[in-house]
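Heads up: the sequence shown at position 4 corresponds to -16 in the working numbering, and the numbers run straight through without jumps. See structure below.
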Amino acid sequence: MSHSTRMLFCTCGDEQEASALAHYLIEEKLAACVNIIPKVQSVYEWNGKVESDTELLLIIKTSKLKLQSLKDAIKQKHSYDSPELISFKIDDGLPEYLSWIEAQTK
């Protein structure tokens, strides 16, 4: 069976926002699963200055079908002006799990 599943990375500034986004994505069937990884150290340049922040990383699993709606929701609900949202195609995995992702996001 061919799958069109995606995995996305998105960082959040605090636990409340990460949890709220994760729950929203699941409740709206935009994602099948969201892992919240605390204490990710991010180093980046912003407005000409090197910044270092402790953030939370969301690992989001969804279907290609819901990808654009998920991106729109993150853009609308995220507190950052330019939130990190990077998508990867899942090329392989346990077929039952990949099928579950697709079923959860129909």
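Note that the Cβ used here is the ideal one computed from N, Cα and C, for glycine as well. In this text, all values refer to a predicted model and were calculated from it rather than measured experimentally.
Coil, strand or helix - residue i by DSSP
i   : result
K51 : helix
K19 : strand
K57 : helix
I40 : strand
S79 : helix
I6  : helix
Residues near residue i by beta carbon distance below 6 Å, same chain, minus five either side
i   : result
S32 : V23
N15 : I39
T42 : R(-14), A11, L50, T85
P18 : L36
Sequence-distant residues of the same chain with beta carbon closer than 8 Å to residue i, five excluded per side
i   : result
W80 : A12
K91 : For the chain, the structure presents residues -19 to 86; residue 91 sits outside this window and is missing.
Sequence-distant residues of the same chain with beta carbon closer than 7 Å to residue i, five excluded per side
i     : result
E(-3) : S59
A2    : V14, I16, L38
Pairwise C-alpha distance: residue j and residue i
i   : j     : result
L36 : K57   : 16 Å
K55 : T(-9) : 12 Å
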